[in-house]
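Read through the structure below, which is laid out as structure tokens, and then see the notes.
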Amino acid sequence: MKNREVAQILDEIATLLEIKGENKYKIAAYQEAARRIENLPEDIEKLFKEGKLYQIKGIGESIGQKIKEYLTTGKVTYLEELRKEIPPEILELLKIPGIGPKLAYRLYTELGIKDLESLEKAAKEGKIRLLPRLGPKVEQNILEAIKEYKEKQQVSERIPLGVALPLVEEIVNYLSQYPFVTDIVPAGSIRRRKETIGDIDILITTNDMDKVNQVLKSLPILRNILAAGTTKTSIIVEPGIQVDFRVVDKSSFGSALQYFTGSKAHNIKLREIAIKKGLKINEYGVFRISDNKKLCGEKEEEIYEILGLQFIPPELREDQGEIESAMEGKLPVLIEEKDILGDMHVHTDWSDGANTLEEMVEMAYRLGYKYVVISDHSQALGVAGGLTPEQIEKQRQRINELNRKYRDFKILHSIEANILSDGSIDLPEEVLKNFDLVIAGLHSGFKQPKEKITERLISAIKNPWVDIISHPTGRLINKRPAYEVDFPAILYWAKETGTVLEINAQPDRLDLCDIDARMAREKYGIYLSIGTDSHDIRSYSLIKYGIYVARRAWLRKEDVLNTYPWEEVKLKLKRYKEKR
DNA sequence: GCCGTTTTCGGCCCGACTGTTTTCAGTCG
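With the first letter of the first sequence counted as 1, position 495 gets the number 710 in my numbering; the numbers rise by one all the way through.
In structure tokens:
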């Protein structure tokens, strides 16, 4: 699938046009098209072949032609021309906070700066301050920003939600203890539960701004303060993450929360709708344009209400159709954590888990689940103590015994089998057929060519005894990209065979991701299962990350397999269908 | 460059902060 590639090309065009100082609306058009395509829950190539390219909003004649050229020839002449005009190395300058396209272009044309090294050298030699409208302060800020950037390079650019969320909870707990902090709510991409977070936005209501700012200065994990205004304070906390605090008045709390939750695209769309209704939205409230009268602002819900929209859950606020749905009153009722009746992917110390089967089962029971799917590794994964057919048989007997101990709770015997390099499963059919269900996943050979990996996965999907594919794309956030695979083909065969795809809730996996999961359900009608892939009893709590992905994928309770009682799950699994 | 329940042309979200400035452009979110 080339969605991401196309989006990156359009983004690069936009950036190069920005540096050139092109019309800002033209630039915005490229950025908008890039964003649309990156988040598109459909294969752009498929749409192109079906002649539906121009049905995507934001793609008109000019951008459409460039996409067409890329998909047919693999290059975009327009972009290559632009690259000749502006050396791509300049793009590196834009990564430095405080350097935008205008300044980057001036530094390049007036001082010949085209990379970080020459930038740092020029700043140290005091050459930048000699340019008109630039001074020593700019020079100093550039040097500091370069230093900060280099430090940040050590870590990754965007941090996983699984790292950011606990950090935010720590900060919120710390500040909550002060009586003058009356409200403290994380906003931004954290609140939208995006899989990675650029920086953290936290909103505070208080009757004493000075004290809040004072307290922020003594935050234990504080590294340094970037900016401290009367309404905004930006800091860096360990381990190198920016946190923006916004101190707001109670009467504006709802508006501020809405504004800072974003996304940017979502907010722009809302403000456009507001204008058509004679209203203006900003972070302080909703105002009538005619007399500037403030109509609301204290509660977030009021903003959507006054625009004639259903309340839109933060996870959906990406301008991916949620506003149109809300307008028609057709937003989905999103799945919630309480809807999950059982964890669909759990390991024990029979393979590489840290806790015993008994401990894992007992914890699942105590969490209030109705069932748990025990899915240890199979024999081919030697490093993980994968189970042989004999061990599997023993484990089944133990599970049968345990099942007699519990009422209103079922232990399901499964396996996370390996898809071997030829696409076969590392257990014979007579073993596979005895499980309650079988999960299969790729654990090796990620570097095989795209055709080969696609073949392997499809072969596993076609296996009548494989019910669920675990972590279907194999990506590890910030560590390993998804393996090369013909994803639409995977979806097609999953649909054809009734195979379920997993949303793996491990915070570094979140695989399928939100966009893929939405595509699987919305365009192909495939069921998703959510499993924590737990290897110890504490990891059951990670289910919430799977729920976040599902919600961002627009999934309702009924779209997710493990919201159904086991007897109903059976009706949806292909192994039981084929026996009927 | 895209788009249209007032538009096929004339619009295109909103505000804070910073640095260098006597009024504002650039950057950021």
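All C-beta atoms, glycine included, are put in the ideal place defined by N, C-alpha and C.
Computed from a predicted structure; not experimentally measured.
For residue i, which of the options has the nearest alpha-carbon?
| i | options | result |
| --- | --- | --- |
| residue 561 | 217, 422 and 626 | 626 |
| residue 691 | 724, 491 and 678 | 724 |
| residue 674 | 688, 712, 699 and 645 | 712 |
| residue 235 | 324, 224 and 312 | 324 |
| residue 629 | 693, 677 and 604 | 604 |
| residue 485 | 534, 449 and 459 | 534 |
| residue 246 | 256, 259, 389 and 223 | 223 |
| residue 316 | 753, 239 and 347 | 239 |
| residue 499 | 489, 511, 493 and 506 | 511 |
| residue 336 | 349, 346, 354 and 777 | 354 |
| residue 479 | 438, 402 and 329 | 402 |
| residue 435 | 757, 447 and 452 | 452 |
| residue 407 | 472, 458 and 387 | 472 |
| residue 277 | 328, 291 and 592 | 291 |
| residue 229 | 377, 577, 293 and 623 | 293 |
| residue 409 | 375, 507 and 301 | 375 |
| residue 475 | 404, 217, 609 and 242 | 404 |
| residue 252 | 517, 218 and 638 | 218 |
| residue 618 | 389, 572, 643 and 660 | 572 |
| residue 227 | 696, 281 and 483 | 281 |
| residue 577 | 614, 595 and 606 | 614 |
| residue 438 | 285, 764, 456 and 421 | 456 |
| residue 296 | 340, 231 and 574 | 231 |
| residue 599 | 546, 658, 318 and 493 | 658 |
| residue 347 | 727, 672 and 321 | 321 |
| residue 538 | 482, 327, 308 and 623 | 482 |
| residue 391 | 669, 420, 221 and 487 | 420 |
Looking at the unbroken alpha helix (DSSP H) that takes in residue i, where does it start and where does it end?
| i | result |
| --- | --- |
| residue 619 | 604 to 620 |
| residue 404 | 403 to 407 |
| residue 591 | Careful: residue 591 lies outside any alpha helix (DSSP H), inside the beta strand (DSSP E) at 586 to 592. |
| residue 378 | 376 to 391 |
| residue 279 | 276 to 288 |
| residue 321 | 316 to 326 |
| residue 799 | Nothing about residue 799 can be reported from this structure: the residues present for the chain run from 216 to 795 only. |
| residue 674 | 665 to 677 |
| residue 338 | 331 to 339 |
| residue 662 | No alpha helix (DSSP H) contains residue 662, which DSSP labels as neither H nor E. |
| residue 305 | 305 to 308 |
| residue 293 | 292 to 300 |
| residue 785 | 781 to 787 |
Can you check DSSP and say which residues form a bridge with residue i?
| i | result |
| --- | --- |
| residue 684 | 655 and 716 |
| residue 494 | 503 |
| residue 650 | Looking at the DSSP assignment, residue 650 forms no beta bridge with any residue, so it has no partner. |
| residue 452 | 437 and 456 |
| residue 416 | 459 |
| residue 640 | 634 |
| residue 771 | 549 |
| residue 447 | 461 |
| residue 695 | 691 |
| residue 756 | Its beta-bridge partners do not exist; DSSP assigns none. |
| residue 442 | 449 |
| residue 399 | 419 |
| residue 778 | Note: residue 778 sits in no beta bridge, so no partner. |
In the DSSP assignment, the beta strand (DSSP E) including residue i goes from what residue to what residue?
| i | result |
| --- | --- |
| residue 218 | Note, residue 218: premise wrong, no beta strand (DSSP E); alpha helix (DSSP H) at 218 to 235. |
| residue 631 | 625 to 633 |
May I ask you to verify whether the segment 547 to 565 touches the segment 577 to 589, counting CB pairs closer than 8 Å and requiring at least 3? They touch, by the three-pair rule.
Can at least three beta-carbon pairs, one atom from the segment 463 to 470 and one from the segment 429 to 437, be found at a separation below 8 Å? These segments do not touch.
Quick one: any contact between the segment 405 to 415 and the segment 784 to 793, if contact means 3 or more CB pairs under 8 Å? Taking 8 Å as the limit for Cβ pairs, the verdict is that the segment 784 to 793 does not touch the segment 405 to 415.
Only counting runs of 4 or more residues, tell me where the alpha helix (DSSP H) segments fall wholly within the segment 507 to 554, in order along the chain. With a minimum length of 4 residues, the continuous alpha helix (DSSP H) runs that stay inside the segment 507 to 554 are 515 to 521 and 537 to 542.
What ranges does the alpha helix (DSSP H) occupy inside the segment 241 to 274, keeping only unbroken runs of at least 4 residues that lie completely in it? Here the runs fully enclosed are 259 to 264.
Under 8 Å, with one C-beta from each stretch per pair, do the segment 665 to 684 and the segment 697 to 716 reach the 3-pair mark? Because the criterion of three Cβ pairs below 8 Å is met, the segment 665 to 684 and the segment 697 to 716 touch.
In chain order, each beta strand (DSSP E) run of at least 3 residues that lies wholly inside the segment 700 to 746: Here the runs fully enclosed are 715 to 719 and 743 to 746.
Should the segment 391 to 402 be called in touch with the segment 354 to 366, which here means at least 3 C-beta pairs below 8 Å? With a cut-off of 8 Å, the segment 354 to 366 and the segment 391 to 402 do not count as touching, because too few Cβ pairs lie within range.
Could you check whether the segment 726 to 744 touches the segment 765 to 777, counting it as contact only if at least three pairs of C-beta atoms, one from each stretch, sit closer than 8 Å? Yes, the segment 726 to 744 is in contact with the segment 765 to 777.
Is there contact here, the segment 564 to 572 with the segment 744 to 764, by at least three beta-carbon pairs under 8 Å? Taking a cut-off of 8 Å for Cβ pairs, the segment 564 to 572 and the segment 744 to 764 touch, as three or more such pairs fall below it.
Which complete alpha helix (DSSP H) runs does the segment 556 to 584 hold, if anything under 4 residues is left out? Entirely contained in the segment 556 to 584, the alpha helix (DSSP H) runs reaching 4 residues are, in chain order, 572 to 581.
Any 3 or more C-beta pairs closer than 8 Å across the segment 664 to 678 and the segment 699 to 713: With a cut-off of 8 Å, the segment 699 to 713 and the segment 664 to 678 count as touching, because enough Cβ pairs lie within range.
If contact is defined by three or more beta carbon pairs under 8 Å, each pair taking one atom from either stretch, is the segment 585 to 601 in contact with the segment 635 to 651? Touching, per the Cβ criterion.
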